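Protein chains in written order, with my numbering: chain A, 6 to 149; chain B, 453 to 513.
Written out as structure tokens, the structure is:
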């Protein structure tokens, strides 16, 4: 299993010290060594994922239907800014999440969660399409 | 198949023109993940994503 990056490893105890409960910690050696750590403090869910050795940090909520979203997607929706081309590193993502927990919780309130998810999905789709175009242009190693 | 398309069995699936069920929404595949690469690989082979992002349809032969 690939080791959890230091920044992410340090974020887990910070979350636990700030009221988040670790509700799952699954390691699947038979499935590429994937790992999923879930921490929850309603209405917020934080997921730390190792997907075939690629570590991801996502923030979602119990009321969202489309899972979790990266810090840069949340920032775009909370601040009304474009999604940056370059993804922030883990330290930057963690800083943003720490600073924005109350805003994220407010955005997940029942009267706002619908608009919030609409925005998150739209910004995520933009980022995904841009990444697909980047791959299509040979911007990353491909195996075909 | 959860979109492991780089394998021989994945390419066999593509060659058969089979519909592919995704484990997550392909429209929302996260940057840098193998899942995103796999979805893009299928798109490069002419597959189309369904509106809900959970299925990929083979190109018409």
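Using N, Cα and C, we set each Cβ at its ideal position, and we do this for glycine too. Bear in mind the structure is a predicted one, so any value in this text is a computation, not a measurement.
For the region 465 to 493 of chain B, the beta-carbon criterion of a distance under 9 Å to any beta-carbon of chain A is satisfied by 476, 477, 478, 479, 480, 481, 482, 483, 484, 485, 486, 487, 488, 489, 491, 492, 493. In the structure shown, the three-state DSSP call for residue 53(A) is strand. Straight across, the Cα-Cα distance linking residue 15(A) with residue 33(A) is about 22 Å. Taking C-beta atoms as the reference points, residue 83(A) and residue 108(A) count as a pair closer than 8 Å.
With fewer than three CB-CB distances shorter than 8 Å, the region 129 to 146 of chain A does not count as touching the region 97 to 116 of chain A. In the DSSP assignment, residue 39(A) falls within the beta strand (DSSP E) that extends over 39 to 46.
Cβ neighbours of residue 488(B) within its own chain (closer than 8 Å, five residues either side excluded): 481, 482. When rounded, the separation of the alpha-carbon atoms in residue 38(A) and residue 140(A) is 25 Å. Counting only runs of 4 or more residues that sit fully inside the region 74 to 120 of chain A, the alpha helix (DSSP H) segments are 76 to 84, 95 to 112, in chain order.
Note that the C-beta distance between residue 75(A) and residue 50(A) is not below 8 Å.
If you draw a 10 Å sphere on the C-beta of residue 26(A), you find fewer than 16 other C-beta atoms in it, and that means exposed. A straight line joining the alpha-carbon of residue 490(B) with that of residue 42(A) spans about 24 Å. Proximity of residue 496(B) to chain A, defined by a Cβ-Cβ separation below 8 Å, is satisfied. Judged by DSSP in its simplified three-state form, residue 9(A) adopts coil rather than helix or strand. Residue 463(B) carries a helical assignment under DSSP once its states are collapsed to helix, strand and coil.
Among the residues facing chain B, residue 98(A) is not included, as its CB has no counterpart in that chain under 8 Å away.
Where residue 490(B) is concerned, the enclosing alpha helix (DSSP H) starts and stops at 486 to 496.
If you ignore the 5 residues before and after residue 86(A), its C-beta comes within less than 7 Å of the C-beta of 80, all in its own chain and listed in chain order.
According to the DSSP assignment, residue 29(A) belongs to the beta strand (DSSP E) that extends over 26 to 33. When rounded, the separation of the alpha-carbon atoms in residue 122(A) and residue 464(B) is 37 Å. Short of 6 Å from the beta carbon of residue 478(B), and not among the five residues preceding or following it, lie these beta carbons of its own chain, in chain order: 491, 501, 505.
Assignment of beta-bridge partners to residue 508(B) by DSSP yields 472(B), 501(B).
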